[in-house]
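Novice:
Structural data, given as structure tokens:
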């Protein structure tokens, strides 16, 4: 459960914070190119398929839907059999586990600081600690990925930890989160709508009677 929560929170906060603004004056050209691609994403709606690997062994697969609105709002729903709902409203992250009928609340700003990869999406992040590389030629080793463009973001303070963003026709299609210790999550995204209005209700968590609340906010 904890591994799943960490994985879902990482990708969810990553997506909800996808701003990449306020780059330092020493940022590499790759940062600027990647920023330009991300600036075109004010909102996204779609479905996802997630694969979780441990030392290259497939441990888990999941699927679901998501709604994203910059700068910090997200709804991420994982389908059965391992269902969950994550809602980020800009201040609080709600993680609901229907199996145990419990919702856990986290301060969104703290969650963004809990993982070094997520600092990349904070306007106050120190970009000197990170490296952005165009790894398109390395990833495109077969015809299936020939049309994709890949960017790798390395955390220089956490050896081996990286995030890869994959684009096709300037649309985000794939995310690869690698913790550098053998665990990797690959998210295949299917965007059904981009930069279209999203109902504000998607970013509200409605607490139903009988649900246990675990408030981790400080």
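Residue numbers (the numbering used here): -19 to 198.
For glycine and all other residues, C-beta sits at the position ideal for the given N, C-alpha and C.
(1) If you drop the 5 nearest sequence neighbours on each side, which residues of the same chain put their C-beta closer than 6 Å to that of residue 178?
(2) Quick one: using the 10 Å Cβ neighbour count with 16 as the cut-off for buried, is residue 172 buried or exposed?
(3) Can you tell me which residues form a DSSP beta bridge with residue 50?
(4) Whole angstroms are fine: how far does the CA of residue 88 sit from the CA of residue 196?
(5) Roughly how many angstroms separate the alpha carbons of residue 129 and residue 14, rounded to a whole number?
(6) By the three-class DSSP mapping on this structure, what secondary structure does residue 212 have?
(7) DSSP three-state label for residue 185, please.
(8) So for residue 2, helix, strand or coil by DSSP?
(9) Out of 162, 183, 189, 194, which one is the CA nearest neighbour of residue 203?
(10) Mapping the DSSP letters down to three states, classify residue 180 as helix, strand or coil.
(11) The beta strand (DSSP E) that contains residue 26, what's its start and end?
(12) By a C-beta neighbour count over all protein chains shown, 10 Å radius and 16 as the cutoff for buried, is residue 132 buried or exposed?
(13) For a quick check, are the C-beta atoms of residue 151 and residue 174 less than 8 Å apart?
(14) Please state whether DSSP places residue 151 in a helix, a strand or coil.
(15) Is it buried or exposed for residue 194, if we count other Cβ within 10 angstroms and need 16 for buried?
(16) Which value, in whole angstroms, describes the spacing of the CA atoms of residue 63 and residue 181?
Specialist: Judging by the given coordinates:
(1) 23, 47, 49
(2) exposed
(3) DSSP, once it has assigned bridges, lists no residue as partnering residue 50.
(4) 11 Å
(5) 10 Å
(6) Residue numbering for the chain in the displayed model covers -19 to 198; residue 212 lies beyond these limits and cannot be assessed.
(7) coil
(8) Its pLDDT being 39, under 50, residue 2 is placed unreliably by the model, and the measurement read from it follows with that caveat. Reduced to three states, the DSSP call for residue 2 is coil.
(9) Nothing about residue 203 can be read from this structure; the chain reaches only from -19 to 198.
(10) helix
(11) 23 to 34
(12) buried
(13) yes
(14) strand
(15) exposed
(16) 20 Å
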